[in-house]
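**Student:** Residues 89 to 324, numbered by the working numbering, are exactly what the sequence shown covers, in order.
Glycine included, each C-beta is placed from N, C-alpha and C at the ideal position.
From a predicted model like this one, the values you see are computed outputs, not experimental measurements.
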Amino acid sequence: MLSPRRLTLQLTPLLDLLLIVMFSQYIENRDRSLQAQKEIAEQRSKADAELAERRETLEKEFARQQKSIEDLRSVYDERFRSILEQHHQAGTLLAESLNLPGAAMTEILKLRTANSPEDAERLSAATERVKELMQARGEDIFRFLIKVDQMQKHVSVWEVHLLENGKARISDGEQSFTADYESETDFAARLFEHSKSFADPRTLVIMLLSWGDAQGGARQRATNGMPVLAEQLRKD
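Next up, the structure:
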């Protein structure tokens with residue numbers, strides 16, 4: 089009878105191999121984890137940099153737009169003040185040019201002499217109203233005179249406006265002409281020639297000078313040339 093055989097296994101080498109495999113997988117997983125963390129950190133850093141750059145760009149654009157708005161506001165405020173000042177000056181000059189009661193009384197006497205007592209009375213009443221407005225703001229006088237029909241029958245209003253391109257435009261409300269000018273004398277001469285194409289003016293002619301974005305030199309030449317133009321019209 090045969091005796092049973094014994095099977096002997098040596099587990100030590102297998103255990104060592106298993107440990108080696110497990111350690112190798114641990115090292116590999118750790119490296120992958122570190123690499124993934126590094127990539128995530130790089131992506132986050134890149135995203136933060138892009139966000140910061142974008143924020144800086146938006147802040148600069150906002151500042152630029154804000155400055156542009158402030159500049160436009162300043163320009164329009166200045167234009168608004170300029171328009172108000174021009175209206176005030178126009179009304180003041182208008183009141184002075186009327187030379188009340190002298191000029192008005194002369195016209196009233198003419199109407200009465202011409203057997204037009206009703207027109208004379210209406211003009212007299214309008215004159216009294218203008219005298220009351222002499223203490224008011226210039227633009228109130230201007231608006232009043234334009235709206236009063238009785239005064240319009242005896243007043244011609246010509247507007248001289250300075251354009252951005254350095255030219256001057258003269259208009260009587262029905263026709264307008266544009267002219268270049270290089271000096272006060274040139275300004276007066278050219279507009280005087282154009283004014284000859286207007287309908288015959290009434291007893292009193294009021295010339296209003298205005299401007300928008302015209303340069304200072306052009307404004308100064310025109311301002312100095314207005315009295316010269318007025319003198320030429322009086323002599324004509």
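#1: Go through the stretch 282-315 residue by residue and report every complete run of the beta strand (DSSP E) that reaches 3 residues or more, in order.
#2: For E252, name the three-state secondary structure that DSSP assigns.
#3: Inspect the beta-carbon positions of Y269 and A287 and report whether they are closer than 9 Å.
#4: Based on Cα-Cα distance, which residue from E166, F275, F265 lies nearest to H282?
#5: Assuming E272 and G313 form a contact by the criterion Cβ under 8 Å, report the distance between their Cβ atoms to the nearest whole angstrom.
#6: For F275, tell me which candidate among R142, R307, S133, L146 has the shortest Cα-Cα distance.
#7: May I ask you to list the residues that DSSP assigns as paired with E247?
#8: Could you work out which residue in S285, L106, T291, V316 is closest to S244 when comparing CA atoms only?
#9: My understanding is that L296 touches E247, with C-beta atoms under 8 Å, so please give their C-beta distance in whole angstroms.
#10: Starting from S264, trace the beta strand (DSSP E) in both directions and tell me its first and last residue.
#11: Around the Cβ of L279, are there at least 16 other Cβ atoms within 10 angstroms (buried) or fewer (exposed)?
**Tutor:** From the atom records:
#1: 292-299
#2: coil
#3: no
#4: F265
#5: 4 Å
#6: R307
#7: S259, L296
#8: T291
#9: 5 Å
#10: 264-267
#11: buried
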